[in-house]
Each structure stands twice: as structure tokens, then as C-alpha cells.
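Chains as they are written, first to last, in our numbering: chain A, 161 to 560; chain B, 395 to 646; chain C, 393 to 680; chain D, 4 to 332.
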Amino acid sequence: MTFLTTPVSRRRLLAGTAAGAAAVSTFTPTRFAIGQTAKLKIGLMLPYSGTYASLGNNITDAFKLRLAEVGGKLGGREVEFVQLDDESAPPKGKDNAARLVTKDKVDVLVGTVHSGVAMGMAAVAREENVLLVVPNAGAGDITGKMCAPNIFRTSFSNWQPGYACGPAMMKDGKKNVVTMTWNYPAGHEQIGGFKESYTAAGGKVVKEILLDFPKVEFQTYLTEIAALKPDAVFVFFSGDGAVKFIKDYAGAGLKGKIPLYATGFLTDGVLQAVGNDAEGIRNTLHYADSLDNPVNKKFVAAFKAMTKRDADVFAVQGYDTCSLLATGLEAVKGDIKAGATLYSTMRNTIVDSPRGKFTFSASHNPVQDFYMREVRGGRDVVLGVAVKALADPAKGCTMV
Amino acid sequence: MSGFILETQNLSRHFGALMAVDDVTLSFERGLVHAVLGPNGAGKTTLINLLSGEILPSSGSIRFKDYDITSLPANEVSHLGIGRSFQKTNIFPNFTCFENCRLAAQSRMKGVFHFFKPALSYKRINELAEKGLEMCGLTKRRDTLAQAMSYGEQRQLEIGMMLATEPELLLLDEPLAGMGAEESLKVIELLRKLAKEHTLILIEHDMDAVFAVADRLAVMVNGRLLETGTVAEVRASKAVQEAYLGSDEEGH
Amino acid sequence: MDISYYLIQALNGIQYGFLLFLVASGLTLIFGIMGIINLAHGSFFMIGAYLCWWLTSLTGNLFLGILAGIPLAVALGLLIERFGIVHLYTRDHLYQVLFTYGLILIFGEMRSILWGNEVQSVQIPEILSAAIPLTDVQSYPVYRLFISLVCMALAAMLYLVVQRTRLGMTIRAGASNREMVQALGLDIAKLFAIVFALGAALAAFAGMVAAPVQSVFPGMGDEILIVSLVVVVVGGVGSIKGAFLGAMLIGLADTFGAVFLPHGAGTVIYTVMAIVLLWRPQGLFGRT
Amino acid sequence: MYVLSRPALVLLLMMAIGLGFYPLVGDSYYIRLLTKIMVLGLFAMSLDLLIGFTGLISLGHAAFFGVASYAVAWYIVKAGVTSLLLILPTAIGASAACALVIGWLSIRTAGIYFIMITLAFAQMLHAFFKDQKYWGGTDGFNFYDKPQLVFGDTVLLDLSNRLTLYYFTFAILVSAFVFLIVLLRSPFGRAIQGVKVNEGRMRAMGYNIRHLKLISFIIAGSLAGVAGFLEATRTAYVNPELMSWHMSGNVMIMVILGGMGTLYGPLLGALALTLLGDNISSMWDHWLLIMGAFVIAVVMFLPEGIAGLIEKTANRFKRKPPPKEETEP
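Here it is as C-alpha cells:
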């Protein structure tokens with residue numbers, strides 16, 4: 161609705177990656193001959209401006225990296241991208257997604273980072289019965305209340321990384337904590353997951369601090385934490401807010417005095433910017449660029465070669481999104497309208513990801529390992545697996 | 395019931411350090427024409443503004459008939475039967491003459507919740523408006539936009555609008571201001587006519603006009619009341635001659 | 393929670409209040425003297441912050457960045473007044489609102505073209521990056537004290553200029569009576585230009601010193617504009633004294649609102665405003 | 004005094020016919036877009052009652068739009084109720100109640116104060132809905148059911164059907180337009196127009212200005228509430244941005260661009276701005292630069308808006324100048 165104050169959709173029609181453009185499809189179409197030989201239109205609705213711009217770009221580039229690796233085609237069809245900047249603005253989520261589907265007539269929706277926007281996309285995907293793959297947004301409802309056969313997520317649910325951290329903190333002997341996050345659903349859910357496992361393990365949450373999203377003026381709250389003196393602090397922040405938080409935490413003199421725990425979004429992709437201030441922060445996530453497996457090593461190197469940037473968890477999720485689509489569409493020979501066959505193939509895919517192999521739950525959310533990491537010497541070092549094959553409870557999902 | 399329709403008691407109004415109206419006690423007799431005289435800045439318009447409720451006094455009180463109207467706002471004062479016209483033409487320039495008067499008459503309707511019937515379908519209001527137009531002599535200009543009329547006509551309309559509210563007491567702030575001789579005569583005639591049925595209080599610079607219509611005079615200087623009485627009494631007053639009339643006449 | 397905790401929070405509130413004052417004082421003067429409602433005032437704060445980030449990264453030093461930024465902000469203010477605002481003096485408030493709203497859009501897009509849409513952070517310079525230990529775990533960052541001191545000095549300077557100089561006299565005269573300025577034979581066009589540029593520079597300066605603690609982000613102008621409008625309403629249009637007390641009141645209300653009413657913090661300042669309005673519709677120091 | 008001019012009437016009839024028949028030929032994307040335009044048009048029209056007819060420059064009109072939207076969301080998400088007969092009146096009632104309180108406080112002031120205070124109160128509501136977890140916080144709510152009119156076991160009106168919603172919106176828009184025309188001809192309507200032209204004289208003539216302004220404010224707020232109801236129903240989504248000052252600013256631009264004080268102008272404004280946004284935005288990243296310049300250009304060169312332009316042009320083409328037609332009977 162705020163179509164005036166922030167730019168609405170920015171579309172760029174881009175040809176599919178050049179690889180394979182010359183190759184002529186040889187398979188015999190079984191149904192909808194025209195549909196299958198035509199290009200597959202993928203609507204990439206991601207943030208290309210604002211706080212999450214770098215996340216959107218990493219997801220997009222990794223998706224394209226994977227596409228090139230599988231020969232530039234999905235299920236034998238060439239790919240055409242319609243890219244749209246969602247600006248992480250929830251009010252426009254539905255209108256933009258509807259526009260991609262009804263005006264640009266995309267076959268697959270891919271997006272997005274911001275949970276609020278992704279919820280709008282999920283609603284449109286259900287209404288218009290279009291395949292949606294969510295490469296980041298962790299809102300529980302996407303694979304909970306909103307779950308549908310045509311909605312998949314290759315990232316995580318907000319509940320997961322928080323839940324993974326609780327028992328680990330108890331093991332570290334932190335018996336009471338102050339939590340802090342932005343006052344928005346992603347924040348509530350990540351802290352909620354944490355509280356669930358932490359209090360179950362006997363820990364006590366002394367105070368839950370919420371601040372306006374996306375405000376980064378933390379001073380008042382840091383003053384409060386210093387006065388409360390808990391055993392530890394558990395937070396969820398990401399992107400630029402994370403940079404600011406880590407610096408202010410150190411600036412207020414709390415670093416080294418009250419240990420800081422977080423979900424991995426606090427440190428992923430920001431370590432260079434914060435330097436020494438992040439040392440010692442422990443956090444849980446389903447990926448670390450230092451993971452020692454061949455898929456990851458190859459991916460990290462290829463991503464660096466392609467973009468000159470370091471890979472991060474968001475890039476991995478974009479990469480896996482393409483893998484999932486490739487497997488699914490291969491099975492139905494590019495027939496995007498194949499419905500149940502396509503969706504059940506995707507549901508049963510085992511994705512060989514840089515994060516390690518993972519599967520999907522009945523609600524189409526990844527069942528995956530979560531790692532405990534600690535910042536040492538400017539890198540997230542994996543201390544071990546915090547929880548193995550953690551599945552989201554998928555509250556409210558009718559497919560479970 | 396006394397013969398006075400309006401009385402002020404030690405009425406004062408100051409703006410910061412400026413005493414615009416200073417301790418004025420005045421009584422206005424029912425049925426007569428009163429004129430308030432005074433040089434520029436004497437506080438005449440402030441007095442009218444106080445009487446009509448446009449501004450609140452700093453101290454003192456005002457009685458209208460049996461009501462204490464000291465702290466009543468202008469709209470409530472109007473409903474008690476005090477109408478006023480303004481020195482600076484104060485009309486609705488982009489409405490027709492009729493609509494100007496009709497809007498004035500409409501103020502006499504009870505309540506504001508008249509949402510659905512067309513405004514023009516209220517007979518009594520239309521009659522009041524027509525009567526106002528007729529009395530100020532603008533019936534033939536009924537459908538002309540107010541802004542398209544001459545200045546003199548606009549001044550007439552100003553009075554017509556006041557009359558459409560059926561007031562008992564009329565407060566007229568320089569009804570002749572800026573008018574030509576011919577137009578002035580017309581208005582003086584109108585004032586005479588009005589005097590038959592209303593009590594008039596007018597502020598005026600035009601001495602001839604004042605002497606022609608007024609029964610009682612009050613002279614103000616620097617916010618204070620200098621003299622009151624009949625025309626003859628005031629003319630004879632030495633103080634007035636020194637302070638105002640004398641100098642004014644020399645000026646002519 | 394001992395007394396020192398509340399003192400530190402009060403310090404936080406006052407520091408925010410000083411920033412608000414720098415923005416609100418310009419806003420209130422522009423309202424009071426020029427009769428202009430300038431919604432684009434918050435944009436100067438945002439532009440100041442981006443200028444600071446850009447110039448600091450060019451020069452490598454925050455102080456140099458600010459020093460270079462101030463004349464640019466003044467120039468921008470003069471430019472906008474000469475070529476834009478000057479057309480609004482005789483126009484209805486409605487058109488002033490729209491015009492300056494249009495300016496916000498233009499400023500926002502210019503910022504996007506020149507500097508992008510990313511959130512940027514500005515390094516606190518080495519000499520101000522220390523923290524003063526207050527309790528065993530709590531320290532107060534020196535840079536925040538620095539902001540308060542600088543703003544306090546500016547507020548004092550502004551006060552002296554308004555109270556003691558000829559320009560100040562003209563400004564005060566203009567705020568109470570625009571005709572009087574003309575009657576005194578003063579050059580109203582020059583006065584307006586000076587007031588507008590001064591206001592713009594104050595807001596931009598606030599953005600510059602705030603950049604290291606608030607980060608630099610596209611929406612920062614809107615946010616401060618709304619709060620500054622509340623400050624002006626509370627303090628009374630045209631009153632510098634009102635702007636100062638209003639800023640302190642709102643700064644403290646916002647901080648303690650976050651402390652005592654963590655789930656309703658956003659509405660606290662508006663509640664304060666509503667209460668002031670019920671009591672004095674013209675604001676604390678506004679004229680009736 | 005408000006008169007619907009002949010060219011305006013012709014234009015409106017053409018628009019009505021066009022809107023009435025478009026779904027028979029149009030594609031689903033534009034049916035959606037037109038629904039949105041009609042909702043925004045209604046919203047802008049309600050603001051025109053304040054700006055164009057009462058002389059109240061409210062920069063917080065989105066508050067009422069948003070509150071009604073949240074009322075819809077509350078019924079569907081929190082109470083599980085989808086009855087149109089329950090939702091619509093409550094949504095309007097909620098907006099009217101907010102307009103009463105905000106209006107009562109703001110109308111004590113005038114000029115710049117009024118603008119700033121209406122803005123601040125809308126921001127207060129914005130902050131409230133953003134802060135409260137119960138109300139969905141920054142992200143608001145998505146919901147999946149839409150209001151229905153059910154009689155016994157038969158569904159008479161199901162607003163989740165795109166075409167039903169389109170025609171429902173259309174019918175409401177037409178009714179609101181007729182209502183406003185009737186209102187503006189009534190004694191009350193004439194009185195508020197008098198207030199806009201000359202408030203002081205109205206007071207001197209005995210009108211209670213505050214009452215007139217407050218009632219006008221409440222009616223405008225309620226109509227914005229109807230638009231808010233439609234918006235929530237249309238998108239099945241509510242969010243604090245619905246009552247942000249950008250929303251208020253945008254709708255004000257629609258009113259001025261279209262032509263204030265004309266009722267149909269705001270509809271044109273909503274149409275022009277939305278189509279402009281829909282088209283330019285996809286061509287250039289920085290289209291808001293054009294938008295900003297455009298808004299400034301309207302202020303400078305087209306203060307009467309599109310409607311003013313239309314009437315001027317239409318008058319020029321008339322055979323002979325009307326003798327006294329511009330005047331009121």
C-alpha cells in the first residue's frame with residue numbers, strides 16, 4: 161500500500177544463465193508440449209535494496225551458480241528470471257507476488273528474506289496454486305498454519321536455531337538470562353524457540369527486552385542489562401543491526417563480563433565489520449563456512465570465484481533452493497503443472513547441501529543438524545553439533 | 395425589566411500592556427440608536443468584539459436583557475438575538491448573495507444534524523434569507539456571486555446577512571466605511587428603517603451620518619469612556635470638543 | 393535497580409533530548425518566523441548522517457567529515473530556500489505540506505542514487521571510543537557524553553545568538569510579528585534565507601553527530617521528523633525555549649517509557665503530547 | 004457552494020459504465036488493480052470532505068483507514084467471525100470512535116497545529132499497533148477468510164470471490180459518492196462549506212464551529228473506515244503501515260492531484276497515481292524522483308488538480324459563455 165514512498169516493484173527481465181542456451185531439448189514432451197519447451201519462468205522476489213540487499217544478492221547469485229552447475233536448465237527447460245525487489249516491505253508483499261503470478265505469469269515463485277513479505281507470498285501461492293520455494297524467511301506459519309503441498313522452505317524455521325541453543329547454554333552453566341530482540345514476529349519466534357528448550361532444561365529468563373524494528377539505538381537496554389547482571393544474554397539480531405549490537409555491547413563494557421549467546425544470524429556475514437568486538441560470542445546455526453565437507457568446500461570456492469564475495473548461510477540456502485527445484489523438475493521432465501507428482505518428489509528429496517545432507521519434514525521444512533559455533537580470531541568455529549536432525553514442530557500444519 | 399437592553403459593567407480588555415478597552419460602564423436603551431465615536435485606536439472595534447463575544451474581556455461584565463453574556467462565545471451570543479456586521483467586509487465571496495443570506499438564516503435552525511434534506515427545501519429559512527435580501531435592497535442581485543458585486547453592495551449584503559438571523563440588537567461596525575456619498579445615503583436610509591424595529595449600536599467615523607441617525611452617543615478615547623449622552627449633550631461637551639470633535643472638524 | 397541505574401537512564405534520555413532539540417529548534421523557527429510547515433526538515437537530518445558517513449570514509453576522520461559536511465548542509469539549505477521554499481510564503485499550508493512532502497521523495501531518491509539504500513555505520517574516532525566505568529559492569533561511552541556536550545554548547549550558542557545579537561533580535565521580532573520585521577526596515581528575504589539555512593544546518597549537524605550511535609539508514613529522517621513535530625507541538629510553535637524543554641521532556645519520556653513500559657514504549661511520547669494539549673492547546677510556550 | 008458540473012457528470016457516468024463492464028473483458032490483474040483504485044478513491048474522497056469542503060488539513064487520515072482494517076482482521080483472526088453484518092458496522096464504528104477522540108482533541112487547534120497534531124495522533128496509533136504483539140507487531144496479520152453475508156444456509160455475498168468483491172466495492176463507491184452529494188446539499192453540508200470559506204463569520208452568525216468541524220471529521224473518518232474495511236478485505240492482510248503518515252501523505256496527494264473540493268477529483272487522483280506507480284515503477288528504480296518532482300509541479304502549476312483542468316477545458320469549448328450559470332439557484 162505504501163506504493164509511493166518506497167519504490168514499488170523493480171523488475172528486470174533477465175535471460176537465463178547463458179550456459180546451455182544453445183542446447184536443443186531432445187526429450188519427448190508427455191503433456192503440455194508448448195508449456196515444456198517454452199522457457200521456465202522463475203519469479204525471484206527478493207530484497208535488492210535496504211537492510212537485506214546483500215542477503216537477496218547472495219541468494220540470487222548462489223541460485224544461479226547452482227543452475228549453471230546443473231547445465232543451465234531445470235527439467236530440460238531453459239530458465240527465464242523475473243527479478244523483483246520486495247524491499248522487505250510487508251505491505252507490498254501480496255500485491256507484488258500477485259503481480260508476478262497474474263501479470264508476469266511466472267511458473268515458480270522464489271522468495272524471500274523477510275518473514276512478513278514471505279507470508280504474503282505464501283498466501284498468494286495458495287490462492288493461485290503456484291509453487292513457492294522460500295530460501296530464507298523463517299516464519300513458523302509458512303510451514304505451519306500456511307503449509308500447503310506447493311509451499312517449500314529450504315532454510316529453517318525461526319523456532320529451530322533458537323531451540324538448538326537452549327540446552328547448550330544450560331550445559332555452559334548459564335542459569336538465568338536476559339533475552340533481547342526486535343519486536344517483530346521473527347524476533348518473537350526465535351526467542352520463543354530458545355525459551356522453550358531453555359526453560360525445559362531448567363533455565364530462567366529474567367527479562368525479555370523488545371525494541372522497535374529496525375531500530376538500532378540499544379543504549380537504554382544495555383544500561384538495563386548491566387543493572388540486571390544475568391549469567392548471560394541471548395539475542396536475535398541480524399545484518400546491520402547485528403553489527404551495531406555487537407559494537408554497542410562491547411562499547412557499553414558488557415563484553416567479557418556478561419557472555420553473549422545468539423542464533424547464528426548475529427555473526428554470520430558481519431564478523432569482518434565488527435572485528436575484535438565479536439570474540440567469544442557463541443551461537444547456533446545450521447551452517448558454518450568452516451564446515452569440513454567436500455560439498456561445502458567446493459561451494460565456498462565456486463561462490464568466491466563467481467562473486468568475489470565470501471559464501472554465507474544465505475548463499476547456501478539459495479544454492480539449495482535451486483538443487484531442490486532441479487531434482488523435482490527432473491522427475492517430471494520440466495512439467496511444472498504436474499502437481500502432486502512434482503511435490504511428492506520434492507518432499508522426499510535428500511538435499512546434498514554445503515550444510516550437510518538434509519531432508520524435508522511433512523510440512524516441507526528442512527530437518528537438519530544445528531551447530532554450536534564460537535567466534536575465534538574473526539571466524540565462526542564449529543564447536544560441535546548442538547542438536548542432530550532437528551525438525552520444526554509445524555504447529556497448525558494440516559499436512560502433518 | 396429595565397429599559398436597558400445591554401449593559402456593561404467596568405468592562406476592560408488588554409492586549410499585553412495595551413489597554414484596548416479600559417473600565418467601560420455603558421448602558422444601551424431598548425429601541426434607540428446608539429453610536430460609539432472615537433479616534434482610531436480608541437478601542438471601538440474591541441468594544442464591539444467584546445459585546446458580540448468575539449473576544450473575552452479581561453475583567454468586567456456584560457448583560458444582555460436578563461442574561462450574563464460576559465463569557466459566552468460569539469455563536470451563543472448570536473443566538474440570544476445580537477447580530478453584528480463587520481468593518482472589513484466579511485462575507486462568503488464565492489457564494490451568491492442569496493446563499494450568503496440563506497447561510498445566515500440557516501444558523502437559526504435547531505441543531506446541526508440536518509444531513510439529508512436539501513438545504514433549499516427549508517421554507518422558513520428561504521423566507522428569512524429573502525427578507526434579509528429585501529431589507530438590504532439586494533433582491534435583484536439575488537443570484538450574483540458576492541465577489542462580483544461592487545464594494546457598496548457588499549457592505550449592504552453584510553447588513554442583509556445580519557438581518558437574516560432576525561436579531562433584536564444590531565452591532566454595526568462602521569457600516570459606511572469606504573462608501574461613496576450616494577451609497578452612504580442608501581445605507582443611512584436603511585439604518586433609519588431598521589431603527590424602527592431594532593436597537594442599534596453603531597460605530598462610525600462619518601459624523602454627519604452619526605448625527606443624522608443616532609439618539610445617544612458615547613465617545614471613547616484611548617480605551618476609556620469620555621462622555622455619553624444625547625447628541626446635543628455630547629456636542630456641547632467641552633472635553634469631547636477638545637479631545638475629538640474639535641480636532642476632527644479642523645481636519646476637514 | 394539502584395539510583396545510579398536511573399541516573400544513567402536519565403543521561404541517555406537527555407542525550408536523545410539534545411539531538412531532538414537541534415532538529416526541533418530549526419523546525420520551530422521555520423514555523424514561527426517563516427510560517428512554513430517544512431516536512432522535509434527530517435531529510436536534512438538524514439542527509440547530514442549520510443554526508444558524515446561519506447565524508448568520514450573519504451577523509452578517514454569523523455571530525456574532518458563533520459567539518460566538511462557543515463558548509464555543504466548550509467549550501468543545500470540556502471539552495472532549497474532560494475529555489476523551492478521561496479514559492480511557498482504566500483501559499484496555503486496545504487500546499488506547503490505537499491511541496492515539502494515532494495521534497496522528501498526527491499531527497500530520498502537522490503540519497504538512493506548517490507549513496508545507495510544500505511545501512512551504513514560510522515566509526516567512532518579513536519580518542520572518543522573509550523568508556524567510563526560507572527558500576528562493576530556498566531560503563532558510559534565517552535562518545536555519548538561528547539554528543540551531549542557538543543549539543544549543549546550549540547544550544548547555549550543558539551540562545552546567545554537569539555538573545556544577544558542583532559540577528560537574534562530580528563529573529564525574535566519575526567517570530568512574534570512578521571509585519572514588525574518589515575516595519576523595522578529589515579530585509580525579510582535575507583532573514584528567511586538565514587533562518588532556513590540555519591535550521592537545515594542544525595538538523596544536518598544533529599544527523600552527523602548521531603551517525604556513529606544510530607547508524608546511517610534511509611528511514612532515519614522520517615523517524616526524527618515525527619518526533620520533532622511532537623516536540624514542537626509540546627513546546628509551542630516558534631519558541632526556542634519551548635523547543636528545548638519539549639525536547640528534554642520527550643527525550644526523557646521516550647527513554648523512561650522504554651524502561652517502565654517496554655511493550656507500549658512507542659506511544660508514550662504521544663500520550664505526553666495529548667496531555668499537554670489538553671492542558672495548553674498552544675503548547676507549553678506557544679502564544680494563543 | 005458545491006455543484007457537480009456537466010462535464011464532470013458526463014465523465015463520471017462514463018467512468019461508472021466503464022467500471023461496471025470492465026470485468027466482462029478485462030484480465031484478472033487489472034480487475035485486482037481497479038479494485039485497489041476504487042478503494043483508494045473512496046479513501047481520497049473521504050479526505051476531500053475535510054480538505055476540500057471543511058477546510059481541515061488532516062495529515063493523519065490514514066489512522067481511520069488503518070483502524071477499520073485492524074477491526075476486520077481482529078474479527079477474522081481473533082474471533083473467527085466472518086459475518087459481514089458484524090464486521091462492517093464494527094469497522095466503521097471503530098473508525099468513527101477514533102475520529103471522535105482525535106477530532107475532539109485536534110479541533111481545539113488550527114492551522115499548522117492541526118496538521119501536526121493529526122499527524123502525531125495517527126503516528127500514535129501506528130506505534131500502538133506496531134508495538135503490540137497481540138496486534139501482530141510490525142508484520143501485521145495475514146488471514147485467509149473474508150467477510151461473507153450469509154442468510155440462513157445460503158451465502159448471499161462472498162467477498163473472497165474476486166468479482167463479488169469488485170462489484171461490492173463498486174457499489175459502495177457509488178453509494179458513498181451519492182451520500183456525499185446529498186450531504187453537501189444539506190444544511191449541514193452548506194454549513195461546513197461556509198466554515199471553509201469564512202470561519203469567523205460563521206461563528207458570528209451563530210454556528211458552533213467546533214461541532215460542525217467535529218461532525219465532518221467523524222463522517223470523513225467513518226468513510227475512511229469503509230475504505231479501510233475494503234482494503235483489509237481486498238488484501239486479507241493488515242499492517243501498521245496502513246496508518247503511517249506516508250499513507251496519509253499519499254492520499255493527500257491523490258486529493259490535490261485530482262482536484263480538491265470536487266469529490267470526483269480524488270477518484271481521478273487515485274486512478275492517475277496508482278496507474279502511474281504501476282507503470283513507471285517497473286521501468287525505473289528511482290521513479291520516486293519523478294513522483295516527487297511531479298508532486299511539486301502539481302503544487303506549482305496545477306493547484307486545482309486534474310478536475311480543475313477538465314472543467315476549464317470544458318468551459319472553453321462551450322459555445323457561449325454561461326450568463327450566470329456558475330451561480331447557485
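Where a beta carbon is used, it is the ideal one built from N, C-alpha and C, also for glycine.
Looking at the unbroken beta strand (DSSP E) that takes in Pro-148 of chain A, where does it start and where does it end? Limits of chain A in this structure are 161 at one end and 560 at the other, which puts residue 148 of chain A out of reach.
Could you give the DSSP three-state label for Arg-535 of chain B: helix, strand or coil? If DSSP states are grouped into helix, strand and coil, Arg-535 of chain B belongs with the helices.
Could you check whether the Cβ of Trp-479 of chain C sits closer than 9 Å to any Cβ belonging to chain A? Note that residue 479 of chain C corresponds to His in the displayed sequence, not to Trp. Chain A contact via Cβ: absent.
Name, please, each residue of chain D whose Cβ falls closer than 7 Å to the Cβ of Phe-459 of chain A. By Cβ distance, chain D contributes nothing, its closest Cβ being about 31 Å from Phe-459 of chain A, past 7 Å.
Give a yes or no on whether the minimum CB-CB distance between Asn-343 of chain A and chain D is below 9 Å. yes
Any contact between the region 650 to 661 of chain C and the region 357 to 371 of chain A? By contact I mean 3 or more CB pairs, one from each, below 8 Å. yes
Unbroken stretches of the alpha helix (DSSP H), 4 residues or longer, contained in the region 243 to 274 of chain A: Look at the region 243 to 274 of chain A and you find these whole runs of alpha helix (DSSP H), each 4 residues long or longer: 250 to 258.
Continuous alpha helix (DSSP H) stretch holding Ile-496 of chain A: start and end: Run containing Ile-496 of chain A: none; DSSP gives neither H nor E here.
Give the residues of chain B in contact with Asn-201 of chain D, contact being defined as C-beta atoms less than 8 Å apart. Asn-484, Ile-485 and Phe-486
Check whether the Cβ atoms of Tyr-323 of chain A and Ser-357 of chain A lie closer than 9 Å to each other. Going by C-beta atoms, Tyr-323 of chain A is nearer than 9 Å to Ser-357 of chain A.
Outcome for Pro-324 of chain D when other beta-carbon atoms lying within 10 angstroms are tallied against a minimum of 16: Because Pro-324 of chain D sits at a pLDDT of 49, beneath the cut-off of 50, its placement in the model cannot be relied upon, and the following sentence gives the value as read from the coordinates. Classification of Pro-324 of chain D: exposed, given that the 10 Å Cβ count is below 16.
According to the Cβ coordinates, are Ser-251 of chain D and Ser-49 of chain D closer than 9 Å? The answer is no: Cβ separation not under 9 Å.
Which residues in chain A sit within 8 Å of Tyr-32 of chain D, going by Cβ to Cβ distance? Ala-258, Arg-259, Thr-262 and Lys-263
Would you report the Cα separation of Lys-511 of chain B and Phe-191 of chain D, rounded to the nearest angstrom? Going from the Cα of Lys-511 of chain B to the Cα of Phe-191 of chain D covers about 10 Å.
Thr-238 of chain D versus Asp-255 of chain A: straight-line alpha-carbon distance, rounded: 8 Å
Would you say Phe-489 of chain B reaches chain D, if we count a Cβ-Cβ gap shorter than 9 Å as a contact? yes
Contacts that Asp-400 of chain A makes with chain C (C-beta to C-beta distance below 9 Å): Glu-510, Val-511, Gln-512, Ser-513, Ser-607 and Phe-609
Count the other C-beta atoms from every protein chain shown that fall within 10 angstroms of the C-beta of Val-613 of chain B, then say buried if there are 16 or more, exposed otherwise. buried
Roughly how many angstroms separate the alpha carbons of Pro-295 of chain A and Thr-220 of chain A, rounded to a whole number? 10 Å
What residue does the beta strand (DSSP E) around Ser-178 of chain D start on, and which one ends it? Note, Ser-178 of chain D: premise wrong, no beta strand (DSSP E); alpha helix (DSSP H) at 165 to 188.
May I have the straight-line CA-CA distance separating Ser-449 of chain C from Ile-458 of chain C, to the nearest angstrom? 11 Å
Whole runs of the alpha helix (DSSP H) within the region 595 to 641 of chain C, excluding any shorter than 4 residues: 612 to 627
Count the other CB atoms, across all protein chains shown, that sit within 10 Å of the CB of Asp-495 of chain A; report buried if there are 16 or more and exposed otherwise. buried
9 Å Cβ cutoff met for Ser-479 of chain B and Leu-565 of chain B: yes
Residue range of the alpha helix (DSSP H) that Pro-454 of chain A falls in? Secondary structure note for Pro-454 of chain A: its alpha helix (DSSP H) is the uninterrupted segment 454 to 467.
Can you find at least 3 beta carbon pairs, one from the region 206 to 219 of chain D and one from the region 60 to 70 of chain D, that sit closer than 8 Å? no
Are Val-254 of chain D and His-64 of chain D close, meaning C-beta to C-beta below 9 Å? yes
Ser-248 of chain A classed as buried or exposed, judged by whether at least 16 other C-beta atoms fall within 10 angstroms: Counting of Cβ neighbours within 10 angstroms places Ser-248 of chain A among the buried residues, the total reaching 16 or more.
Near Val-268 of chain A, which residues of its chain fall below 6 Å by C-beta distance, leaving aside the five closest residues on each side in sequence? Ile-202 and Leu-291
Does DSSP classify Lys-136 of chain D as helix, strand or coil? helix
Which residues does DSSP list as the beta-bridge partners of His-428 of chain B? Its beta-bridge partners are B:Ile-595 and B:Arg-610.
Just grab the DSSP bridge partners of Val-337 of chain A for me. A:Val-365 and A:Ala-392
Just tell me which of B:Phe-605, B:Gly-505 and B:Leu-400 has its CA closest to the CA of Glu-627 of chain B. Among B:Phe-605, B:Gly-505 and B:Leu-400, the Cα nearest to that of Glu-627 of chain B is on B:Phe-605.
So the candidates are C:Gly-630, C:Leu-443 and C:Val-466; which of them puts its Cα closest to the Cα of Gly-456 of chain C? It should be noted that the sequence gives Leu, not Gly, for residue 456 of chain C. When only C-alpha atoms are compared, the closest one is C:Leu-443.
Range of the contiguous alpha helix (DSSP H) that encloses Lys-404 of chain A: 399 to 411
Output yes if chain F places a C-beta closer than 9 Å to the C-beta of Pro-433 of chain B; else output no. This model lacks chain F altogether, as its protein chains are A, B, C and D.
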